Every structure is written in structure tokens, then in C-alpha cells.
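J.:
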Amino acid sequence: MLRRNYPSFREVVAKGELVRVAGAHDALGGVLAEQAGFNAVWSSSLEVSAARCLPDASVLTMTEYLEAAANMQKALGIPVIADCDTGYGNNLNVAHMVHEYEAAGITAVCMEDKLFPKLNSFAGGDQTLLSTEDFCSKIRVTKQAQRTEEFFVVARTEALINGMGIDVALERAYAYVDAGADAVLIHSKSKTKDEVEEFLERWDGRRPVVIVPTTYPDWHADDIAKAGVSVVIYANQGLRATVSSLRSTFESIQRHGDSTALEESIAPVKEVFGLQQLQAWQALEAV
Ligand code: SPV
Ligand code: MG
26 MLRRNYPSFR
36 EVVAKGELVR
46 VAGAHDALGG
56 VLAEQAGFNA
66 VWSSSLEVSA
76 ARCLPDASVL
86 TMTEYLEAAA
96 NMQKALGIPV
106 IADCDTGYGN
116 NLNVAHMVHE
126 YEAAGITAVC
136 MEDKLFPKLN
146 SFAGGDQTLL
156 STEDFCSKIR
166 VTKQAQRTEE
176 FFVVARTEAL
186 INGMGIDVAL
196 ERAYAYVDAG
206 ADAVLIHSKS
216 KTKDEVEEFL
226 ERWDGRRPVV
236 IVPTTYPDWH
246 ADDIAKAGVS
256 VVIYANQGLR
266 ATVSSLRSTF
276 ESIQRHGDST
286 ALEESIAPVK
296 EVFGLQQLQA
306 WQALEAV
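Numbering (our numbering), first residue to last: 26 to 312.
(1) Using DSSP with H/G/I as helix, E/B as strand and the rest coil, what is D138?
(2) Looking only at its chain, what residues have a beta carbon closer than 6 Å to the beta carbon of G54, apart from the 5 residues adjacent to it on each side?
(3) Under the rule that 16 or more other beta-carbon atoms within 10 Å means buried, what is K218, buried or exposed?
(4) If the criterion is Cβ atoms closer than 9 Å, does the pair K168 and A204 meet it?
(5) Which residues in the same chain have their Cβ closer than 6 Å to the Cβ of S284, if we skip the five residues on either side of it in sequence?
(6) Would you identify the three-state DSSP class for F63, choosing helix, strand or coil?
(7) Along the alpha helix (DSSP H) that carries Y259, what are the first and last residues, could you check?
(8) Evaluate the contact criterion for the segment 100-110 versus the segment 58-73: three or more CB pairs, one atom per stretch, below 8 Å.
(9) Looking at C-alpha atoms only, which residue of D192, T88 and I186 is the closest neighbour of L144?
(10) Grab me the residues of A184's own chain with a C-beta within less than 6 Å of its C-beta, minus the 5 sequence neighbours each way, in chain order.
(11) Which residue wins for smallest C-alpha separation from W228, given the options S146, R45, G48 and I191?
(12) I need the straight-line Cα distance from V134 to G282, nearest angstrom please.
(13) For V46, tell me which candidate among A305, V254 and F176 has the shortest Cα-Cα distance.
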């Protein structure tokens, strides 16, 4: 099958087991994540912008992020959850975003409560939040704009990123659920899981919670599930591995003057053909 069917993100969450998600920026990364057993792929704004050597700072347009997410979804048998930053502007932009993503077959989007233009959460700089009221309004717009019941909206609060504390994070997360969010994402740049753990202890469980353990990586998935998390996103490990791997590969060829030393450790061309589904495509010639 050249094009594959995939469940919606809502269906995957409904299974009730911890949903493990890997970040990617293209179909190749997404397919490798699927083959490794991940349940969904995060179309990461950090990854998609880094793949163009541009900052994750609302520089790329919605159309460019959508193209990246749609290209991933076309190749996958698991759903994409699209990182849609702040919704690319005001309420009108949010409505257009939902129309376009849903029409492209994306079943879940995530929108964060920072001001547009936003800056990556780990980059320091201005991490000012939109008012709770205005972000709730954006969430209501997503719900009004979606065509199917299936479409899933994750509301992400950056309250902890902005140092506003757990009380504010909880207050905002509850308000976002009341506005219609299907899940909340609590982001943190803390070196330990403590603040996220406290958030989870105090959360009343009215909607699934999503976490992104980038700065607090030493939390086993089994313990994450026990702590009450529904979805865990490994947002940029693939990108960082790509950087390390390409760097050492290219440096090795330059250093040795040939690529012999690498041959054992890099994927054979045949494996690339497999990822391209070459055989299935060639079979079309004989139909
Ligand atoms: C992303 O992967 O783009 C995210 C997560 O939004 S973070 O980079 O931690 O903000
Ligand atoms: Mg992002």
C-alpha cells in the first residue's frame, strides 16, 4: 500500500495507555519513529525550523509548517500531532489554521499560550504569555472551526517556562479545558521533573496531560505513566541525533579521505530503498 491508513490521534489516546510520541521534521524521521514503535509523531516547530537553519521564532509561515506536517502524515500509519505554536496570529489566523490542517488530514494540533511572534521555550528571551481570557478565546475558535468531532486540540501552557509557578499553570490549564481543549500540555525547562510532578499530583484528571521531558530526561516511561501522564513527547532527540551523526560522518570522510571507516555504521543504500518503498512503486509498472 503506497498510501497508508492511520488512526486519529484521538483514537490513539482513547486506548488509555501512555502515548509515546517522537519529534520529527520530515517523513523520513517520522517513518523511522514509527518503525521504532512510537504511537504518534510530533511535527516540531523547533525541528521544522532547524531543518531550514532558521530560528524557532515564528519566522516560517503557517503554510510552511503545514507542508512539513502534511508530508509526514502522508508517509505514516500513525497520526501526526502538529505543533502549531501560537496559532500563527489572532483568532482569525487560528480558524484558518484549523481549516487547513484538518483538510490536510492532520487529526491533532497543539497551540501554546505565548504571544505571537513566539520564541522557542529554551531560548530565553521574551516568553510573555497571552492573557488567559484571550487564549481561551483562541481555543473556543479552534473548536468552532473544526469540521469533525475527531479533531483534537492540545492547549499548551508556558506558565512554568515563564516562571509564573504551578498555581498559575493549573489555573490556566483548567481554564483551557473549560474553553474546550481536549488535552493540556504542561511545558517545563526545569532540570528535574519536580514541578511537572507536582502539577500532575494536583491535576484533577479532567483531561489528559501531555509532557515534553527534554530538560528532565531521566524519567522512565513506566514512571511517567504512573504519575498520570497520558502523552509523552520526545520532541527533539531525533534532530539532535541527526546533527551529531551527520557531523561525525562528514568529518570522518574529510579526515580519512574516503568513507571506508563508515561503511559498517551507516545504513546501506538498500535500507534507504526500503524506506522509499521502492519495490511497491516499481510494481506499478506491471499493473
Ligand atoms: C518543539 O519541539 O518545537 C516544541 C517543544 O515546541 S520545545 O522545543 O521544547 O519548545
Ligand atoms: Mg515548538
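The C-beta atom is built at its ideal place from N, Cα and C for all residues, glycine as well. The structure presented is a predicted model; accordingly, all values stated were derived computationally and were not measured.
T.: According to the structure data:
(1) In the structure shown, D138 sits in coil (DSSP, three-state: anything other than H, G, I, E or B).
(2) G263
(3) buried
(4) yes
(5) I278
(6) Note: F63 maps to coil in three-state DSSP.
(7) No alpha helix (DSSP H) contains Y259, which is instead part of the beta strand (DSSP E) from V256 to Y259.
(8) yes
(9) I186
(10) V193, A194 and R197
(11) Minimum Cα-Cα distance from W228 among the listed residues S146, R45, G48 and I191 corresponds to I191.
(12) 46 Å
(13) V254
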